[in-house]
Each structure stands twice: as C-alpha cells, then as structure tokens.
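Numbering of the sequence shown is given in this note's numbering, commencing with residue 41 and proceeding in unit increments.
To start, the structure under review is shown below, and the notes come after it.
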Amino acid sequence: MNFRRIPWRPARVGLLKLCVIAAAVVLVLAVGVVFAQGVSPSETLLLRSVMPDADAFTERQGGPPVFRGYRTDVGSGERELIGYAFLTSDIPPEHDGYSAPIEVLVGMDLDGTLTGVRVGRYRESIIRIWGDFLRRPGVQEQFTGKRFTDSFRVGEDVAGITRATITMRAMSRGIRDSAWQVAQEYLDQPDGSGGTGIPAIGDSALDRSSSVGGDLLSLEEGAPPFEDDQSLLSRTISETPPMRVVALGMLFAFAMYAFWRKDRFMRWTTLVATVAYLGFIDGGFLSISHVANSIAAGPSLFARDLPLLMLGAFTVATTVIWGRIFCGLLCPFGAFQILIAKAVPRQYQRRVPQAIHDRAIYVKYAVLAAVLVPVLLQSDVSVFQYVEPFGTMFFAGASSTLMAILLLTLLASAVVPQFYCRYVCPLGAAFGLATFVTLSRIKRVDQCSICIVCELRCPTSAIRGSEIDFKECIRCDVCDVNLIERSGSCRHSIEEIRGRLKNWQSAPN
Ligand code: SF4
Ligand code: SF4
41 MNFRRIPWRP ARVGLLKLCV IAAAVVLVLA VGVVFAQGVS PSETLLLRSV MPDADAFTER
101 QGGPPVFRGY RTDVGSGERE LIGYAFLTSD IPPEHDGYSA PIEVLVGMDL DGTLTGVRVG
161 RYRESIIRIW GDFLRRPGVQ EQFTGKRFTD SFRVGEDVAG ITRATITMRA MSRGIRDSAW
221 QVAQEYLDQP DGSGGTGIPA IGDSALDRSS SVGGDLLSLE EGAPPFEDDQ SLLSRTISET
281 PPMRVVALGM LFAFAMYAFW RKDRFMRWTT LVATVAYLGF IDGGFLSISH VANSIAAGPS
341 LFARDLPLLM LGAFTVATTV IWGRIFCGLL CPFGAFQILI AKAVPRQYQR RVPQAIHDRA
401 IYVKYAVLAA VLVPVLLQSD VSVFQYVEPF GTMFFAGASS TLMAILLLTL LASAVVPQFY
461 CRYVCPLGAA FGLATFVTLS RIKRVDQCSI CIVCELRCPT SAIRGSEIDF KECIRCDVCD
521 VNLIERSGSC RHSIEEIRGR LKNWQSAPN
C-alpha cells in the first residue's frame, strides 16, 4: 500500500514555516512593544533572566518602581501580565553589606513567588580576594521559588557563604523587603496596577491568575520585613551564633591573662589559638579593609557583625591603655609570623641593617596612605588586597598574583622576623599612630642605655638603648618578662652581658 506520505511533507513544512513566521511576527510585535515602552533589548534580556516566561516588559514605572512582565499568547496574540521585576536598590531601605548596598534584580510572579534573582552591582571588599563570589553557581539560584512571605534567614532557608555572612544577610534582606513592598503595592490590587494609574500593556492586566485573591490572605498574615521593630545592633545580636561570642571571649581572656601575668605558656597558647580560630576557623580577624570600609560606609559596619564589633572595641580599648596588644596576641597573621620566627633556626635569620631599618619602618605608613587615600577620594581603586595578605592566606584566595605576594611575604618573614609587621602592614601602621595616645607604656631602667639584651631580642627592633619606639612595639612583652616586670629592675649583670653580646649575631624572639 502506498500511504502517499510525500504530498504531506510540503504541507507540514508549510505549517512549520507558518509557525516560524507567526512566531517571528509575534516576536517583532513584542520587541516593538518593548521599544515603544523604552526597554532596550539588553534590558529585556536581563529582565528575562529573572522572569523567563515573560516576552515583553514595560519600562520601570510606579511606586515602588517595577517592570511589568507580559507573556504573549501565540494563538490569540493577547498579552497577559505575569509578574513584576524590580531592583532592590529602587526600594528602600537598602541593606549594606560590609561596604555598600548590594543591588539585585528580582522577578516575582503574581502569586508572590520569586521567578529569578540576578545580582547587579556590589562592592564587597572580599571580591578582591575571592572574585565575583555572589555570582557563583547556586548563590542567586537558591532564591528562585521562594515566596515573599518566607523568612529569607541566612543559615535557615537561605544558604550562607562562610566568611561572607554579612553580605548574604544584606542581599537576603534586600530581596525580601523589596519583594514584600512590591507584593503589598501590586499583588493586592485587583487590576494589578497597584492603583498608580499606570497604563498596562493591553488589557490583560485583568487576566491575572484567580489565585491572587487567595494571596490576599497570606499578604495580611505573613511576617513583616525583618527589622521594622529592631535596631541594627539588637538584630545583629539576635542573629549572632552564641558560640562565636563565647569563643572570642575566651580568646580575649587568654590574651589578657598572658599579658597581665606575663605568662609565656599562655602567650604561646593564645598565639596558636589566634591563628587557628581567628584565622582559619572563624576568619573574623581585623583587616585594613574594615578601616577603609568604615570610612567609606560609616562605623555602622561594625554593628552588623557582633564579633567584629567586640574585636574592634577590645583593640581600641587595649591600644589606648597599653599599646598594640592586638598585634602582639590577636592578629592571626602577626601570630603566624611569630610562630614562623620560632620555627626557623636562628642561623637562617637576619637583622636588617639599622640605617635601612630606620627608614624602612616608614614604608608601612606610605602603604596605609595608599590604601586610605582612594577611599577618602571616594574612588573605586583598591590596593589593600595587594598589601595585606591576610585574606589570601585565611580565605584561600584564588588569585595567583595574590598567592605569590603571600608566599614572598612569608618567606621574608622567615628570614627577618616580623618582616611584614615591621615594614609593610597598613593596619599595624594605623595602630602605630594610635599609640601616640597610649596611657601605660613599658618601663625602662638606667641599665638599658648600656645593656642591649632587650634591644637584640625585640622582634620589631623597637628598642634603642633606654628608649622604646612605642609605635613599633607590639607588646610582645619579651623585654618586660623576667627583665623588669618581675624584679622591678633589670637583673642582668653588665659584665656578663658584655661577654655574651660579642657572639650575639641573630635576631631571636
Ligand atoms: S603589624 Fe599588622 S600583621 Fe603585624 S600583628 Fe599588627 S596588624 Fe598584624
Ligand atoms: S620586646 Fe618590648 S619593645 Fe619590643 S615589641 Fe616586645 S614589648 Fe615591645
């Protein structure tokens, strides 16, 4: 039997062509509408990335400003409103991460369910070390399918990013609060116009899903945005895991015990705990980027992270009272250098010639200026990642350039104890300047002008005869322990010292 299939082929091809032409016409019409409404093709592409089912969008209108998303029925050519897209930056309050608000484009359907999220501009300092971490696979995508009434709590129904919790919280809050406001303004209006009098495309706004009526209930019953009734600090306190506070409190207790009691064992214990906990486990160490960000975005930065606030307050208080205890005990990178200096045999360590040292210590103040001047000029230029390898080391930075800088720094610190602290660290330079107001300083006694035991043992070469350059002193207390603190005066015999000093070559700790 001959089924005469061949004659159907042209007919089928014709139908296919017809469909293609019809689709093209629809597309052209849709694009025409888009252009008529002022949304460019590139904007349309972006908007479709958060609302894939829409083929046309109005320009941003209304209050809060939204792009209305429409789907065109291929058969009838009618357009149906299917949702709204909006920028979190258009809808206050904006929520700051570590540096600034995080702009996000959000799509939401008429049920109040998010259809997509795209991160726009953000300036978190950790970008310099990690790269574009908010656009890593899975970060934005996890918001799709959430309803505006969800809690959006990081660590509960939104996965956090270790060491970027503040950023994720700011992003989540921004999305939820703006979605909430858009839902309140637009989803409870029967015509979808939000009562703003803004013309919709065609009359399909009336074609809204009948389920929207059911959403009115959830609009009224849902929880309000996070922080309407909470101050920033009280919200931060309530969101901070207690264990982070306890662990940091214990580290402070270790440090103060080591400092007060001049206890060597506790000092080494604190140094190891600082590297392990503040550096590798928690990552909540102080950085020059915090100083820069607090200048750029205000000191409220510290109120968004309770352990950071505790560390900042502890550091300021102890620096004003005793000097750079932070550098001596609570900086993980400084502590790591001390551990390296302890591990490297003395014969491999070198002292920088005094004349060079005396000049080189001012390099770090130039580095501090290089970090802070762009911030003061409100420039986007950032150099801190090149001069402060903390993040590269403890956050496992991916950049080979930053990794090379880290390795060179560690190598230099193995040969010259505390090399980075002495000559490069901008944070140390900032603390050095702060020591001009320090109240309680290390005592020196008459023998110090002759005996140079402490001078040779000082890890930062801060001692010169009977003087201590206190801005360079990291309160390691090597010179205090056993020499002055416990006896009230230096117990060294000058004659013995003269004999020992002849052979003293290295720069021990
Ligand atoms: S000088 Fe810098 S690296 Fe050294 S301990 Fe102080 S803050 Fe840390
Ligand atoms: S040895 Fe003395 S002067 Fe030198 S850093 Fe330690 S505490 Fe300061």
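Beta carbons: idealized from backbone N, C-alpha and C, even for Gly.
Treat the numbers as computed from the prediction; the structure is a model and nothing was measured.
For the region 140-165, the continuous beta strand (DSSP E) assignments of 3+ residues that do not extend past its boundaries occur at 144-149 and 154-159, in sequence order. Contact between the region 327-337 and the region 415-433 is established, with three or more Cβ pairs separated by less than 8 angstroms.
Not one heavy atom of ligand 1 is found less than 6 angstroms from the C-beta of Phe476. Val222 places its beta carbon less than 7 angstroms from that of Tyr124.
For the pair Gly117 and Asp93, the Cα-to-Cα distance works out to about 15 angstroms.
The alpha-carbon separation between Gly323 and Gly102 amounts to approximately 43 angstroms. Only residues of its own chain outside the window of five on either side were considered, and among them Thr355 have a CB closer than 6 angstroms to the CB of Phe366, listed in chain order. For the region 276-350, the continuous alpha helix (DSSP H) assignments of 4+ residues that do not extend past its boundaries occur at 282-301, 304-313, 328-337 and 340-343, in sequence order. Just measuring C-alpha positions, the residue of Thr314, Asp190, Leu348 and Asp217 sitting nearest Gln377 is Thr314.
Taken in chain order, the region 487-522 contains no complete beta strand (DSSP E) segment of 3 residues or longer. Below 8 angstroms, enough C-beta pairs join the region 368-375 and the region 292-303 to call them touching: three or more. With a cut-off of 8 angstroms on Cβ pairs, the region 478-488 is in contact with the region 504-513, counting three or more such pairs. C-alpha of Met283 to C-alpha of Asp197: approximately 21 angstroms in a straight line. Listed in chain order, the non-local C-beta contacts of Gly137 below 6 angstroms within the same chain comprise Glu164, Ile206, Thr207 and Ala210, local neighbours out to five positions each way being set aside. When distances are taken from the beta-carbon of Leu467 to the heavy atoms of ligand 1, the shortest one is below 6 angstroms.
Inter-residue distance for Leu346 and Ile277 is about 6 angstroms (C-alpha atoms, whole angstroms). Taking Thr310 as reference, the option from Leu379, Tyr110 and Gln180 with the minimal CA-CA separation is Leu379. Phe471 is not a Cβ neighbour of Arg304, given a cutoff of 7 angstroms.
Distances from the CA of Val90 to each of Pro141, Phe126 and Val79 were compared; the closest alpha carbon is that of Phe126.
The DSSP-derived three-state label of Leu174 is helix. For Ile328 against Val411, the beta-carbon gap comes to about 6 angstroms, under 8 angstroms, which counts as contact. The three-state reading of DSSP puts Gly102 in coil, since its state is none of H, G, I, E or B. Distance from the CA of Asp172 to the CA of Arg119, rounded to the nearest whole angstrom, comes to 37 angstroms. Counted as a single uninterrupted DSSP element, the stretch harbouring Tyr463 is not any beta strand (DSSP E) but the alpha helix (DSSP H) occupying residues Phe459 to Tyr463. Thr359 places its beta carbon less than 7 angstroms from that of Ala474. Not a single heavy atom of ligand 2 lies less than 6 angstroms from the C-beta of Arg158.
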